[in-house]
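Everything in the sequence shown is counted per the UniProt record's numbering, starting at 1 for the first residue and increasing by one. Glycine included, every Cβ here is placed at the ideal spot set by N, Cα and C. First the structure, in the form of C-alpha cells, and then the observations on it.
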Amino acid sequence: MTLRKLGRGVYNDIRARIPYYLTDFSDAYNYRVIPSVIFIFFTNLLPAIAFAQDMFDRTDNAYGVNEVLMSSAIAGVVFGLFSGQPLCIVGVTGPIAIFSYTVYELIQPRGTPYFPFMCWIYLWLMAMHFVTALCNWVSFLKIISNFSCEVFGFFICIVYCQKAVQILDRQFSEHGPASGFCSVMVSLLMVIFGLGSTVFGSELHYFRPWTRKFFVDYGVPLAVIFFTGFVHFGGYLDDAHLATLPTTKAFAPTINSAEVGRAHGWFIHFWPGDNISVADVFLAIPYAILLTFLFYFDHNVSSLMCQLKDFPLTKPASFHWDFMLLGLTTGVAGILGIPAPNGLIPQAPLHTSSLVVHDLQSGKALSVVEQRVTNTLQGAITFVMMSGPLLTVLGLIPQAVLAGLFFIMGMNGLHDGAVVNKIKYLFADPDYVAHDPRCPQLWKELHSIPKEKKKWFYIYLLLQVIAGLAEFAITLTKGAVGFPGVLMFFAICARWVWPRIIPKEDLEYLDGPVAEEFIIKSLEVHSLKKSDGLEESVVSKELGNNLV
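Structure below.
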C-alpha cells in the first residue's frame, strides 16, 4: 500500500454515503419502520440479557445487565447516526461474552485488576481498528468464503445450547433438585412455544399471512413475557425457588470495587501506576490482537449479511469507515468498563428483512426501507431499559426462561444453518429429495452432484464439522481466549489449503463468496487520478492482484 492510498477506503465510504444522509431520515416515513423498531429491539434485548446472566456468573458479578444494556444502547445510537451502513445491528455478542469471562479467569490468579486490564485491551484494539481501516486492510475480507461463515454460525449455535445447559446445571447445584427440575420444565416449555410459534408462522398455512408473520416476529418475546408470569401462578410452583435475572441500581455499574479496578463508577482509571502495572499494559496487546481477528470477521460478515442479494438495496455499502467507527466505540467501551459491541448475527440480516417491502400479490421483495431511525431508536429504548422501573421488570425474568431463550436461539440456528442441513441431507430419503417440490433447495442442489463427485462433498462437510467443533472445543479450555485465532486459521485454510485437497471446479460449487459481487466491490480501494482536470475513481490494481 502506498502512502497516497492511506485512508482512501474510509474517504471513499464517507464520500459515497454522505449524499444519502438526509434521505436516511426522510425515508423512515414508512409503515415498516414501527414494527421493525419493536422487532429488532426485542431481538437484540433478549439475547443481550441472556449474555449478561452468563457474564455475571462467570466474572464474579463484574459484568451485569446494566453493562450489557449500556453497550447495546451506545452501539445502536452511534451506528444508527454515524455509520455508513445503519442497517447493521451492533451489540454484545456471544463470542465477546466468552472472551470477557475467559480473560477474567486468566488474570485473576495474577492479581491484575480486571477493568483497567480490559480497558487497555480495548484501547489497543481501538488503535488496531484505526490502523486496519486507514491502511485499507478491510479489503482482505474478500478471502472470507461461505465455508468460514457457515462454520462460525454452527459454532455460535452450539455455544448457545451449551450456555442453556450451564444455566440449568447451576439451578441444581445452587438451589436444589426442586428448583433444577422446575427450571428444566420451564425452559422446555419455552422451547416448545418459542420454536412452535416459528414453525406455525413459517411452515404452516393457517390464517392470513400477516397473522403468521406476527407469530414469527413476536412469538419468542411473548413466550418470555408469559413464562415470566407463569412461575408466579402458584400451586406446586411455590415449592420451587426459581432464581431470577440479577439487576442493580438504575444507570449504575453492577459493581463498585477497587479490587477489580472499578472504584469510580462508569469511568475506569486505566493509566499505569496505582491502577495497573506497565507490564500488564503491554500484556494486553496479544489479547487485543486476537480480538481484532474476531471483530474483523464477526462485524464485517454481519455487515455483509445484512446486504445480501435477497435484499433489493439501492444505497452504497460501507466497510472501512464502519470498522474505524467500531474501533471508536470499542475504546469508549473500555473507558466505561462495558463489553465491546460489534456486529450481530442473526440480528443484522433480520433487521434488513424486517424492512423489506413486498408485493401483496406475488410476495416478491420490491424494496428496502433504508434509513437510520430504526437502529437509533432501538438503541435509545435500550438505554431507557436501565431505568429503575424497567430494571425491576427485567429482574423478574427467571434464569430458566433465559436458558429456554438460549435453547431457542441455538436450535433455531442449527435448524436453519447450512452445516446441519448438509448433515440432515445425508439421512434424507432420495425419492423425497428427487421428486417432492417441498424439498429444501439446498438438498436438491446437493442431490444433483454426480455420484463420482460426491466424495468431495463429504470431505468438505467433514472439514466444516471439524472446524466448528475445534472452535467449540477450545472454548472449553483455559485457552478459550484464542478461539478467534482458530477461526482465522480455518478461514485461511479455506482460501489456500482446501483448494489443494478438493479440485478447484468442485470447490467452486461447494464454497463461494459471502455476498454478491456488487457488495464485494465496495470493499475495493479506489485511488484518485487527474483526467482532463477532473477527479475519477480507479480500482486499485495492487490490492486486487494480491487477492486474486
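The ligand HEM heavy atom lying under 6 Å from the CB of residue i
i      : result
CYS135 : What this structure holds is no ligand at all, so the ligand HEM is not there to describe.
Nearest residue (CA-CA) to residue i, options the options
i           : options                           : result
VAL278      : LEU304, PRO113, VAL356 and LEU290 : PRO113
GLY229      : GLN399, THR329, GLN171 and ALA418 : GLN399
MET409      : MET128, GLY153 and ASN342         : GLY153
ALA48       : PHE115, SER139, TYR63 and PRO513  : TYR63
CYS306      : VAL90, MET55 and ALA133           : VAL90
ALA470      : ASP169, PRO177, PHE483 and LYS478 : PHE483
TRP124      : LEU283, ILE276 and TRP321         : LEU283
LEU463      : PRO430, VAL497 and GLY485         : VAL497
TYR11       : ILE38, LEU87 and ALA133           : ALA133
ILE96       : LEU6, LEU245, PHE297 and PRO109   : PHE297
PRO209      : ASP359, GLU150, ILE381 and ALA380 : ASP359
ALA243      : PHE42, GLN441 and SER187          : SER187
ALA240      : PRO253, HIS175 and VAL281         : HIS175
VAL231      : HIS264, THR475, SER179 and THR254 : SER179
ARG110      : ILE276, VAL131 and CYS88          : ILE276
SER257      : GLY337, ALA480, ARG495 and VAL332 : GLY337
ARG170      : ARG58, ARG8 and PRO253            : ARG58
ALA480      : GLN347, SER448, ASP274 and LEU294 : LEU294
ILE107      : GLU259, VAL37 and PHE79           : GLU259
ASP429      : GLY417, TRP443 and ALA418         : TRP443
PRO346      : PRO339, PHE130 and SER302         : SER302
LEU344      : ARG8, ASP436, LYS5 and PRO86      : PRO86
PRO339      : VAL103, PRO349, ARG212 and CYS135 : VAL103
ARG495      : VAL37, CYS149, PRO286 and ARG8    : CYS149
GLY413      : ASN342, LEU304, PHE490 and PHE155 : PHE155
CYS88       : PHE490, ASP431 and ALA348         : ALA348
residue 567 : PRO341, ALA333, LEU308 and ILE335 : The question about residue 567 has no answer, for the chain in this structure spans 1 to 548.
ASP416      : LYS453, VAL131 and GLN441         : GLN441
LEU189      : LEU22, TYR218 and PHE227          : PHE227
PRO450      : MET386, PHE427, ILE225 and GLU505 : GLU505
ASN44       : LEU22, TYR122, THR23 and GLY94    : GLY94
ILE285      : ASP431, THR392, TYR122 and SER387 : TYR122
For residue j and residue i, believed in contact at Cβ under 8 Å, the rounded distance
i      : j      : result
SER197 : VAL220 : 7 Å
SER354 : ILE40  : 6 Å
GLN378 : GLY84  : In fact, because the Cβ distance is near 19 Å, the residues do not count as touching under 8 Å.
LEU237 : MET411 : Contact flag wrong, Cβ pair sits at about 25 Å.
LEU402 : ILE158 : About 18 Å; that fails the 8 Å criterion.
PHE215 : GLY201 : 4 Å
MET55  : THR330 : No, MET55 and THR330 are not in contact; Cβ-Cβ is about 17 Å, not under 8 Å.
ASN300 : VAL138 : 7 Å
LEU6   : LEU523 : Going by Cβ atoms, the distance from LEU6 to LEU523 rounds to 17 Å, so no, they are not a contact pair.
PRO341 : SER71  : 5 Å
GLY468 : SER145 : Not a contact, Cβ separation roughly 15 Å.
Per DSSP, cross-strand counterpart(s) of residue i
i      : result
VAL368 : VAL356
PRO398 : THR244
ASN262 : Per the sequence presented here, residue 262 reads as Arg, with Asn not at that position. In the DSSP output, where bridge partners are listed per residue, ARG262 has SER257.
SER71  : None, per the DSSP bridge assignment.
GLY91  : ASN342
SER145 : PRO513
Beta-carbon contacts of residue i that lie in its chain and below 7 Å, excluding the five residues immediately before and after
i      : result
LEU81  : ARG372 and THR376
VAL384 : LEU390
PHE25  : GLN371, ARG372 and VAL373
ASN546 : Note that ASN546 scores a pLDDT of 38, beneath 50, so its modelled location is shaky; the value from the coordinates is reported in the next line. Excluding positions up to five away in sequence, the list is empty.
ARG17  : GLY84, PRO316 and SER318
GLY533 : Note that GLY533 scores 37 on pLDDT, short of 50, meaning its location in the model is unreliable; the coordinates nonetheless yield the value given after this. The answer is none, since no qualifying residue turns up.
Beta-carbon contacts of residue i that lie in its chain and below 8 Å, excluding the five residues immediately before and after
i      : result
PHE128 : Strictly speaking, residue 128 in this sequence is Met, with Phe absent from that position. Hits under 8 Å: ALA288, ILE289, THR292 and GLY327.
ILE502 : TRP456, ILE459, TYR460 and LEU510
PRO19  : none
ALA380 : ALA73, GLY76 and VAL77
ILE98  : VAL159, THR475, ALA480 and PHE483
ASN61  : PRO246, THR254 and ILE255
LEU507 : TRP456, TYR460, TRP498 and PRO499
Beta-carbon proximity list for residue i, same chain, < 6 Å, skipping 5 on both sides
i      : result
LYS422 : LEU461
VAL356 : ALA365 and VAL368
PHE193 : ALA223
GLN173 : Residue identity check: residue 173 is Ser in the sequence provided, not Gln. Here the set comprises nothing.
ILE14  : TRP321
ALA50  : LEU402, LEU405 and PHE406
GLY544 : Confidence is the limiting factor: at GLY544 the pLDDT is only 40, short of 50, which leaves the residue's position unreliable and the question unanswerable from this model.
MET488 : PHE293
Inter-stretch contact (C-beta, 8 Å, three-pair minimum) for the segment 370–385 and the segment 28–43: Counting Cβ pairs under 8 Å, three or more are found: they touch.
Three CB pairs or more closer than 8 Å across the segment 61–79 and the segment 307–318: Taking 8 Å as the limit for Cβ pairs, the verdict is that the segment 307–318 does not touch the segment 61–79.
Segment contact, 8 Å Cβ cut-off, at least three pairs: the segment 257–270 with the segment 99–116: Touching, per the Cβ criterion.
Touching by the beta-carbon criterion (3+ pairs, under 8 Å), the segment 324–343 and the segment 159–171: Touching, no.
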